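Numbering (this note's numbering), first residue to last: 1 to 417.
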Amino acid sequence: MSVPGFAATAASVIGGVILATLLGAAIGQTLLCLSLAALIAAAVLLVRVHRLGVAVENSRFIPDARYERLRLRSRRLSLQLRDLRNAAAALPDAAVLLDGEGRIRWFNHASEDLLGLRRPQDRGTLLIERLRESTLGPWLESGAEKPLNDVPAPNRPALRLGMVMMPFGHHQRLMLGRDISDLMRLEQVRQDFVANVSHELRTPLTVIHGYLELLDPEDQPELAPVIAEMRVQSERMGQIVEDLLMLSRLETHQPLQEEHVAMRPLLATLRKEALALSHGRHHIELQERTDTDLYGSVRELHSAFSNLVSNAVRYTPTQGRITLIWERTDEGARFTVEDTGYGIPANHLARLTERFYRVSSSRSRDTGGTGLGLSIVKHVLNRHQAQLHIESEPGHGSRFSCRFGSMRLLKPIRLDA
Numbered sequence: 001m002s003v004p005g006f007a008a009t010a011a012s013v014i015g016g017v018i019l020a021t022l023l024g025a026a027i028g029q030t031l032l033c034l035s036l037a038a039l040i041a042a043a044v045l046l047v048r049v050h051r052l053g054v055a056v057e058n059s060r061f062i063p064d065a066r067y068e069r070l071r072l073r074s075r076r077l078s079l080q081l082r083d084l085r086n087a088a089a090a091l092p093d094a095a096v097l098l099d100g101e102g103r104i105r106w107f108n109h110a111s112e113d114l115l116g117l118r119r120p121q122d123r124g125t126l127l128i129e130r131l132r133e134s135t136l137g138p139w140l141e142s143g144a145e146k147p148l149n150d151v152p153a154p155n156r157p158a159l160r161l162g163m164v165m166m167p168f169g170h171h172q173r174l175m176l177g178r179d180i181s182d183l184m185r186l187e188q189v190r191q192d193f194v195a196n197v198s199h200e201l202r203t204p205l206t207v208i209h210g211y212l213e214l215l216d217p218e219d220q221p222e223l224a225p226v227i228a229e230m231r232v233q234s235e236r237m238g239q240i241v242e243d244l245l246m247l248s249r250l251e252t253h254q255p256l257q258e259e260h261v262a263m264r265p266l267l268a269t270l271r272k273e274a275l276a277l278s279h280g281r282h283h284i285e286l287q288e289r290t291d292t293d294l295y296g297s298v299r300e301l302h303s304a305f306s307n308l309v310s311n312a313v314r315y316t317p318t319q320g321r322i323t324l325i326w327e328r329t330d331e332g333a334r335f336t337v338e339d340t341g342y343g344i345p346a347n348h349l350a351r352l353t354e355r356f357y358r359v360s361s362s363r364s365r366d367t368g369g370t371g372l373g374l375s376i377v378k379h380v381l382n383r384h385q386a387q388l389h390i391e392s393e394p395g396h397g398s399r400f401s402c403r404f405g406s407m408r409l410l411k412p413i414r415l416d417a
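Spelled out as structure tokens, the structure:
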């Protein structure tokens with residue numbers, strides 16, 4: 001083997017190692033992840049081959065023992081590269097390597113099954129042209145910057161795919177696709193179970209709560225504390241069921257019933273609810289800094305905003321201040337609930353929208369929280385292409401902001417006098 005050809009082989013080995021390592025890390029197949037030592041060995045080999053090439057050019061002489069060692073090392077790495085390529089080709093996840101122009105350089109067998117690609121005719125073609133008419137077309141045309149979840153497979157519509165596009169090498173990209181059909185079926189089973197159980201629990205809880213209301217603590221004073229606690233807990237269980245049903249409705253991805261949402265009466269209602277829940281224990285202020293309205297679901301937006309307001313009342317000590325703010329921003333508009341409550345440690349902020357997640361379980365029980373309110377807020381805002389932003393500092397209160405894009409803003413309806 002000539003030195004230039006040997007160097008090319010070593011470079012190919014290193015390129016294959018990098019590609020295989022990236023595939024292993026991205027797809028989660030630990031079988032493909034080479035050790036760092038192998039990568040370093042390949043790099044050292046390339047440097048040594050380069051030095052050997054310089055020596056050959058100068059002296060035209062290669063020691064036999066040194067050449068044999070390099071040849072054996074090259075063969076060993078070539079065998080590893082072949083195994084890696086075979087493993088990549090056998091992956092159940094689709095993997096497509098694109099050049100800087102978006103042309104297909106390489107794809108594995110799963111790409112043929114899931115994406116409908118064919119070899120050798122699709123090699124060298126533009127991926128966006130090849131899949132423009134498929135379910136992936138709009139995603140590719142938009143730049144494929146964000147992962148795509150739960151989309152029908154172009155070649156097998158019954159399958160559901162999760163897609164991601166990532167930069168690779170020098171102006172190259174790697175597209176990965178995973179069959180998530182089983183995960184989606186399990187998720188649907190979970191959603192159906194929660195919805196059915198919640199619906200079935202609603203009636204008996206209503207009956208229990210009704211009978212508890214008929215009991216008069218004055219008839220049996222010794223049972224008054226027990227009856228009061230039973231009423232509180234039955235109301236809390238009823239609220240949990242209602243929140244679960246709301247989440248189930250939001251997760252079914254039913255079309256959003258959109259209409260003109262007049263913000264002024266909605267904000268006034270939220271303030272009244274806060275005053276009723278506070279019982280005069282807090283200073284509650286409403287600041288309307290814009291008369292802009294929204295386009296969306298009145299019911300869902302009221303539910304989301306109401307959860308933020310009720311949380312502020314529950315977790316703010318007596319004589320604390322709660323401020324509701326509706327204002328315009330450079331990006332659109334923002335509804336904010338500020339409070340001077342206990343505050344939340346930074347390590348909890350990322351998990352606040354998880355179901356039943358609690359910063360303090362004992363405090364949540366004392367205040368009657370269900371642990372589902374912020375999950376509802378997140379789902380409602382997602383359906384309105386909006387975002388929830390949370391700022392908090394222990395001992396200094398919290399600030400929850402619902403940020404809406406300009407496409408959701410409407411001019412207020414003016415009623416003629």
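We treat Cβ as the ideally placed atom computed from N, Cα and C, and that holds for glycine.
Model, not experiment: these values are computed from the prediction.
| message | From the DSSP secondary-structure annotation, give me the bridge partner or partners of residue 107. | response | 96, per the DSSP bridge assignment.
| query | Per DSSP, residue 240 forms a beta bridge with which residues? | reply | None, per the DSSP bridge assignment.
| Spatial neighbours of residue 404 in its chain, beta-carbon cut-off 6 Å, leaving aside the 5 residues before and after | For residue 404, where only same-chain residues beyond five positions count, the Cβ hits under 6 Å are 332, 333, 386.
| said: Residues in the same chain with beta-carbon distance under 6 Å from residue 208, minus the five sequence neighbours each way, listed in chain order, please. | reply: Result list for residue 208: 234, in chain order.
| said: Let's test the definition: count the other Cβ atoms within 10 Å of the Cβ of residue 300 and tell me whether it reaches 16, buried, or not, exposed. | reply: Of the residues assessed, residue 300 falls on the buried side of the cut-off, its CB having 16 or more other CB atoms within 10 angstroms.
| said: Assuming residue 376 and residue 303 are in contact, meaning their beta carbons sit under 8 Å apart, how far apart are those beta carbons, in whole angstroms? | reply: With 8 Å as the limit, residue 376 and residue 303 qualify as a contact, their Cβ atoms being about 6 Å apart.
| said: Tell me the DSSP secondary structure of residue 389 in three-state form. | reply: Strand at residue 389.
| request: Give the straight-line distance between the Cα atoms of residue 358 and residue 372, rounded to the nearest whole angstrom. | output: Between residue 358 and residue 372, the C-alpha separation is close to 10 Å.
| query | By how many angstroms is the C-alpha of residue 315 removed from the C-alpha of residue 206? | reply | Spanning the two alpha carbons is a distance of roughly 27 Å.
| message | With the cut-off set at 9 Å, would you say residue 313 and residue 244 are in Cβ contact? | response | Contact: no.
| message | Ignoring anything shorter than 3 residues, give me the beta strand (DSSP E) runs that lie fully in the stretch 154–227, in order along the chain. | response | Complete beta strand (DSSP E) runs here, min 3: 160–168, 172–179.
| task | Select from 259, 282, 140 the residue whose C-alpha is nearest the C-alpha of residue 103. | result | Distance check between residue 103 and each of 259, 282, 140 places 140 closest, using alpha-carbon atoms only.
| task | Taking only the alpha-carbon atoms, compute the straight-line gap between residue 292 and residue 394 and give it to the nearest angstrom. | result | Roughly 33 Å separates the two Cα atoms.
| field | Of the listed residues 391, 396, 353, 392, nearest to residue 382 (C-alpha basis) | value | Ranking the options by Cα distance to residue 382, first place goes to 353.
| How many angstroms separate the CA atom of residue 98 from the CA atom of residue 335? | Roughly 43 Å between the two C-alpha positions.
| Do residue 169 and residue 93 have their C-beta atoms within less than 9 Å of each other? | Not in contact: residue 169 and residue 93 (Cβ atoms no closer than 9 Å).
| query | Who are residue 332's beta bridge partners in DSSP? | reply | According to DSSP, residue 332 bridges with 405.
| Thinking C-alpha only, which one of 120, 155, 246 is nearest residue 202? | When each option's Cα is compared against that of residue 202, the closest is 246.
| said: Starting from residue 140, trace the alpha helix (DSSP H) in both directions and tell me its first and last residue. | reply: Residue 140 -> alpha helix (DSSP H) spans 137–141.
| query | By a C-beta neighbour count over all protein chains shown, 10 Å radius and 16 as the cutoff for buried, is residue 160 buried or exposed? | reply | Per the 10 Å Cβ criterion, buried.
| field | Status (buried if at least 16 other CB within 10 Å, exposed otherwise) for residue 340 | value | Per the 10 Å Cβ criterion, buried.
| query | residue 88: buried (16+ other C-beta within 10 angstroms of its C-beta) or exposed? | reply | Here residue 88 is buried. Its C-beta has 16 or more other C-beta atoms within 10 Å.
| Length of the line joining the Cα atoms of residue 149 and residue 263 | Their backbone Cα atoms lie some 33 Å apart in a straight line.
| field | Of the listed residues 108, 80, 82, 79, nearest to residue 90 (C-alpha basis) | value | Ranking 108, 80, 82, 79 by Cα distance to residue 90 puts 108 first.
| request: Give me whichever residues DSSP pairs with residue 291 in a beta bridge. | output: According to DSSP, residue 291 bridges with nothing at all.
| message | Just to check my reading of the structure: residue 390 and residue 400 have Cβ atoms closer than 8 Å, yes? What is that Cβ distance to the nearest angstrom? | response | About 6 Å; that satisfies the 8 Å criterion.
| query | What is the residue span of the alpha helix (DSSP H) that residue 260 lies within? | reply | For residue 260, no alpha helix (DSSP H) segment is defined; the enclosing uninterrupted segment is the beta strand (DSSP E) at 259–261.
| query | Taking C-alpha atoms, which residue in 319, 318, 338 lies nearest to residue 326? | reply | Nearest C-alpha to residue 326 among 319, 318, 338: 338.
| Reference residue 96, options 224, 305, 164, 343, closest by Cα | Closest by alpha carbon: 164.
| task | Have a look at the DSSP bridge pairing and note the partners of residue 321. | result | Bridge partners of residue 321: 283.
| Pick from 323, 274, 114, 308: whose alpha carbon is nearest that of residue 180? | Nearest neighbour of residue 180 by Cα position, chosen from 323, 274, 114, 308, turns out to be 114.
| field | alpha helix (DSSP H) segment containing residue 127, residue limits | value | First-last of the alpha helix (DSSP H) with residue 127: 127–130.
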